[in-house]
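As structure tokens, the structure follows; a few thoughts come after it.
Number of protein chains: 2
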Amino acid sequence: MAGKYYNLDNMLKPKSVAIIGASQSPGKVGHIIMQNYLNVGYDGELYPVNVGAEGLILGKKSYKSVLDIKKPLDLAVIAIPAKFVPQALEECGKAKVKSVIIVSSGFSEVGDSGLQEQIVSIAKKYSLPVLGPNCLGVMDLRSRVDTMFLPTFKIDKPSIGGVSFASQSGAVGSTVLDMISHENFGLSKFISYGNAAVVDEVDILNYLGHDPDTKVIIFYIEGVRRGKEFVEVAKEVTRLKPVIMIKGGITPAGSSAAHSHTASLAGSYAAYEAVFEQYGFIQAKSLDDMLYFAKIFETQPLSTKKRIAIITNGGGVGVLAADSLYLNGLQMAEISDDAKKELRKVMPPIVNMSMPMDMAGDADDKRFGAAMEVFSKDPNVDALMVISLFQTPGADSRVAAMIIKYGSEGKKPIVVVSPGGNYAEVHNNMMESSGVPVYPSPEDAAKALAALVKYSEYRERMGSLNAEDKNIKKSK
Amino acid sequence: MAGKYYNLDNMLKPKSVAIIGASQSPGKVGHIIMQNYLNVGYDGELYPVNVGAEGLILGKKSYKSVLDIKKPLDLAVIAIPAKFVPQALEECGKAKVKSVIIVSSGFSEVGDSGLQEQIVSIAKKYSLPVLGPNCLGVMDLRSRVDTMFLPTFKIDKPSIGGVSFASQSGAVGSTVLDMISHENFGLSKFISYGNAAVVDEVDILNYLGHDPDTKVIIFYIEGVRRGKEFVEVAKEVTRLKPVIMIKGGITPAGSSAAHSHTASLAGSYAAYEAVFEQYGFIQAKSLDDMLYFAKIFETQPLSTKKRIAIITNGGGVGVLAADSLYLNGLQMAEISDDAKKELRKVMPPIVNMSMPMDMAGDADDKRFGAAMEVFSKDPNVDALMVISLFQTPGADSRVAAMIIKYGSEGKKPIVVVSPGGNYAEVHNNMMESSGVPVYPSPEDAAKALAALVKYSEYRERMGSLNAEDKNIKKSK
Chain A
52 MAGKYYNLDN MLKPKSVAII GASQSPGKVG HIIMQNYLNV GYDGELYPVN VGAEGLILGK
112 KSYKSVLDIK KPLDLAVIAI PAKFVPQALE ECGKAKVKSV IIVSSGFSEV GDSGLQEQIV
172 SIAKKYSLPV LGPNCLGVMD LRSRVDTMFL PTFKIDKPSI GGVSFASQSG AVGSTVLDMI
232 SHENFGLSKF ISYGNAAVVD EVDILNYLGH DPDTKVIIFY IEGVRRGKEF VEVAKEVTRL
292 KPVIMIKGGI TPAGSSAAHS HTASLAGSYA AYEAVFEQYG FIQAKSLDDM LYFAKIFETQ
352 PLSTKKRIAI ITNGGGVGVL AADSLYLNGL QMAEISDDAK KELRKVMPPI VNMSMPMDMA
412 GDADDKRFGA AMEVFSKDPN VDALMVISLF QTPGADSRVA AMIIKYGSEG KKPIVVVSPG
472 GNYAEVHNNM MESSGVPVYP SPEDAAKALA ALVKYSEYRE RMGSLNAEDK NIKKSK
Chain B
52 MAGKYYNLDN MLKPKSVAII GASQSPGKVG HIIMQNYLNV GYDGELYPVN VGAEGLILGK
112 KSYKSVLDIK KPLDLAVIAI PAKFVPQALE ECGKAKVKSV IIVSSGFSEV GDSGLQEQIV
172 SIAKKYSLPV LGPNCLGVMD LRSRVDTMFL PTFKIDKPSI GGVSFASQSG AVGSTVLDMI
232 SHENFGLSKF ISYGNAAVVD EVDILNYLGH DPDTKVIIFY IEGVRRGKEF VEVAKEVTRL
292 KPVIMIKGGI TPAGSSAAHS HTASLAGSYA AYEAVFEQYG FIQAKSLDDM LYFAKIFETQ
352 PLSTKKRIAI ITNGGGVGVL AADSLYLNGL QMAEISDDAK KELRKVMPPI VNMSMPMDMA
412 GDADDKRFGA AMEVFSKDPN VDALMVISLF QTPGADSRVA AMIIKYGSEG KKPIVVVSPG
472 GNYAEVHNNM MESSGVPVYP SPEDAAKALA ALVKYSEYRE RMGSLNAEDK NIKKSK
């Protein structure tokens, strides 16, 4: 890892943590953070710190200051009112704490840049990586670290996986975490970085770019301060792994809102868009798109080719899918004579041998299986869009199982379209938990496929598209 | 109702129905249709018809032909193989059946236009309104009619409400029905019309346009045959109620797919778009948008004004919302001095008096209530976007209840943004069941608001925007 950027290992994989502001009172932020560390089974050393401390806090011996601990500390989490933060940070420096997360708010986002400047100068003095202030901190499911001070019952916890998520906004962060588990893909690391007083988007991009547990990065940013460094790191990272960006404040209205939110100078979106485009970022225009893109990149192989076979058990949705491919710059594959011959053995006469391949409302696992078998092998087909309407008579768990069989092969990108209610959702969860990305509409699926192809083309231009990216069985 | 178009009352509110192809065998389409009539509690007369019939079918006396019934028949549903349909239809004509639904497929959509022409000429001979062939038929929750031959456990049944849905495609139809109940809005009538051999989109638009139980119409079409009549009816209907259109086959790829699907000539999209625009249709570009638009039109009042107050408990999502308003041609409202004074009484100092109104992560029902109370009355605010992130510490069922209080007032349009997983969904269902439209992202909510404003402007231009459209408590 380049030495000029902060290494965040001590924050994300700490062996010892001090919680400054830890408390016995259930409502306090410092209490919730302590409790979260205990709940997720963190197995390092945990030291509650509270100036008014006496005896135990949540069963752990407490300290009045980090200076009293006198043990090596990888991380201190500061959760006390803003005005007391500089002194606490100073003590962390003196105690040789290796990294600090300040979750407290009340700094430049409320106009108090003086207080924030104190933080910055103390951090510099001790060369201390400081995350925040005004942030939720971090979550790493593998190292069982969770500094978030949110009620756990309100947020579905994602499973362990390959997507890391960095967010300038804490609220976007916690909401997206909740959405991630809803979309059934796996999380590696979550970093909420708030005002970015010390550790900023450049450090985070660099760190996640080199993190072996991170396959895909998703990023909510409102502004970038170190433009030159950002581009330098981006060039290195995006040729290695997909980085999906959503930028808040792309309009005059949003930009002024962003300024009062995290004191970001959002800058001209045209400038950002040009940078994103040039350096291979995948741009999402909404939170939904960000997640829909992450899903396909986590589970499916890359492909620069764009001839898509559409397999459907509903004609009308096939028509919408054909429209969607076209509108997203993709092509509908043609069915070769060999493929037709193979398919005719299984499909009833009512099924036309044309694309989109409408297998009729009574299509069952045999028809789905035959079509996926043929198109998975057909050299004229580069990727598959499988539309499985679970409202139809033939579609059931066997169809889902068949889709999983081919959708997790990793030879060609496969996306599934399955809109609907409860019965559909049971099957969508089945498929997604097995690594097959499912979308609520052909439009969403086509957009995700188009993002995959576009990014693959970038990698090809950069000379970093390897055989294993195009034909792999990715692990979940 | 204009006499030149088919009246579909006999199909949707029949007092007596013959099921041609009714069967004792559970797998058969004619069995499922019979069973559905019985399941939904249809209280008219039901006559199973089967050429090979002996004795009872599902407990009802069966007949070999409709000619043997010798009672008045409002509707016959034909569910037998295509080649036998002309004879059965001829018998319906002779028996003076008042309307016919042909669910069988195997006509022009598989290239057999000869068979379809026979249907058309028999229908003409007897002036018989015939729906289909190649369709799912109709559903009317109020009259307890359901001719769909789909397994009921696969489709969540919508509640009774004001949205009617017509679909050329059966698969789009059943999938959207399932999605409707997922989105928690109420259905009036569903009409799947397939190949449109006799009754077509013009008849259906005219019928639903004059149906007192239909407040909002959503329409999936692949093609329109009678352009002049379509425009004539559209002019009359869209000035009375919102008609949301999604058109399959808007691209060369989709258009050729549509042709092989329901034998539609999809035509140039530019031409359609111009017609849709001129005659006040609301255009949806995806199934999601179609439903998201239906939700706001069913529950919220119309408004030609576009100054939107954003209330949020998460700064970053507020920034994205500000961007979304701008991108959709809407404006962010300004907070008047009076409003600031009122709000300051409730909001803590950390809350900036600027728009979007970020009430902070610990905002509770009191803060939400105060903001909605102030902006509901503020003459500088035309509509509200309320962002309620249920992942945050302050948001719970009391916040949802407060949103329901103001969101169902019907004085100004209100949209809610609430993304997330299980905990959020419980509250989203609460709010939607009480008539408050909820969206998964600010982008979706802004698009829906923009569609509402655009349609309201059309109504104003047409001189049909009445006070009660702008300020009503709509019944669910």
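Line by line, the protein sequences are chains A and B. Position one of the first sequence corresponds to residue 52 (this note's numbering), numbered consecutively onward. Position one of the second sequence corresponds to residue 52 (this note's numbering), numbered consecutively onward. In this text, a Cβ means the ideal position worked out from N, Cα and C, and glycines have one as well.
Counting only C-beta atoms, is N480(A) closer than 8 Å to chain B at any point?
no
Is DSSP giving S197(B) helix, strand or coil here?
Here residue 197(B) turns out to be Asp, not Ser, going by the sequence shown. Reduced to three states, the DSSP call for D197(B) is strand.
So P464(A) packs on L503(A), CB below 8 Å; how close in whole Å?
6 Å
So which residues on chain A does L201(B) lean against when the C-beta distance must stay under 9 Å?
G412, Q442, T443 and P444
Is L256(B) close to chain A? Criterion is C-beta to C-beta, closer than 8 Å.
no
At the level of alpha carbons, what is the spacing between F270(B) and G420(A)?
Roughly 33 Å separates the two Cα atoms.
Is the segment 198 to 215 of chain A touching the segment 441 to 457 of chain A, taking contact as three or more C-beta pairs under 8 Å?
no
Beta-carbon separation of D409(A) and G471(A) under 8 Å?
no
Please classify R418(B) as buried or exposed, where buried requires at least 16 other C-beta atoms within 10 Å of its C-beta.
Result: buried.
One question on the structure: do L256(A) and T265(A) come within less than 8 Å of each other, judged by their Cβ atoms?
Judged by their CB atoms, L256(A) and T265(A) are not nearer to each other than the 8 Å cut-off.
For the pair the segment 56 to 75 of chain B and the segment 181 to 196 of chain B, tell me if three or more CB-CB distances fall below 8 Å.
yes
Let me see if you follow: with CB-CB separation under 8 Å, is A421(B) close to chain A or not?
no
Any C-beta of chain A sitting closer than 8 Å to the C-beta of K205(B)?
yes
How big is the Cα-Cα spacing for N479(A) and A446(A)?
12 Å
Could you spell out where the beta strand (DSSP E) holding L440(B) opens and where it closes?
Premise fails: L440(B) is in no beta strand (DSSP E) and is neither H nor E.
Are the segment 334 to 353 of chain B and the segment 380 to 392 of chain B touching, with three or more C-beta to C-beta distances below 8 Å?
no
Using only CA atoms, which one of L500(A), I70(A) and T350(A) lies nearest to L378(A)?
L500(A)
Please list the residues of the segment 456 to 475 of chain B that have a C-beta atom closer than 8 Å to any C-beta atom in chain A, keeping them in chain order.
P470, G471, G472, N473, Y474 and A475
Does any CB atom of chain A fall closer than 8 Å to the CB of Y271(B)?
With respect to chain A, the C-beta atom of Y271(B) has a partner C-beta closer than 8 Å.
Is there a Cβ from chain B that is less than 8 Å from the Cβ of A322(A)?
no
Just checking: is the beta-carbon of V223(A) within a distance shorter than 8 Å of some beta-carbon in chain B?
yes
Report buried or exposed for G305(B), applying the criterion of at least 16 other Cβ atoms within 10 angstroms of its Cβ.
buried
Only counting the same chain, and skipping five residues up and downstream in sequence, which positions put a Cβ closer than 8 Å to that of G211(B)?
The question names Gly, but residue 211(B) is Ile in the sequence shown. Hits under 8 Å: L192, R193, G237, L238 and S239.
Verify whether the separation of the beta carbon atoms of I153(B) and P180(B) is less than 8 Å.
no
Out of E105(A), Y506(A), G72(A) and V368(A), which one is the CA nearest neighbour of A130(A)?
G72(A)
By the three-class DSSP mapping on this structure, what secondary structure does I211(B) have?
It is a strand residue.
Nearest to E328(B) by alpha carbon, out of T289(B), A496(B) and N58(B)?
T289(B)
Check the C-beta distance from S354(B) over to A434(B) and give it rounded, since I have them as a contact under 8 Å.
6 Å
Which two residues bound the contiguous alpha helix (DSSP H) that contains M453(A)?
S448 to G458
Measuring CB to CB, does E234(A) end up less than 8 Å from E483(A)?
yes
Does any residue of chain B have a CB that is nearer than 8 Å to the CB of Y57(A)?
Contact of Y57(A) with chain B is not assigned, every C-beta pair being separated by 8 Å or more.
Give me the subset of the segment 71 to 91 of chain B whose CB atoms are less than 7 Å from a CB atom of chain A, sorted by chain position.
For the segment 71 to 91 of chain B, the set of positions with a beta-carbon nearer than 7 Å to some beta-carbon of chain A is empty.
Specify the secondary structure class of F241(A) as computed by DSSP and reduced to three states.
strand
Among P99(B), K357(B), K145(B) and K115(B), which residue has its Cα nearest to the Cα of A174(B)?
K145(B)
Compare the Cα-Cα distances from G331(A) to each of E252(A), T363(A), K505(A) and G162(A) and report the closest residue.
Ranking the options by Cα distance to G331(A), first place goes to K505(A).
At 4 residues or longer, and completely inside the segment 325 to 374 of chain A: list those alpha helix (DSSP H) runs for me, N to C.
Taking only runs of at least 4 residues, the alpha helix (DSSP H) segments lying wholly in the segment 325 to 374 of chain A are 338 to 350.
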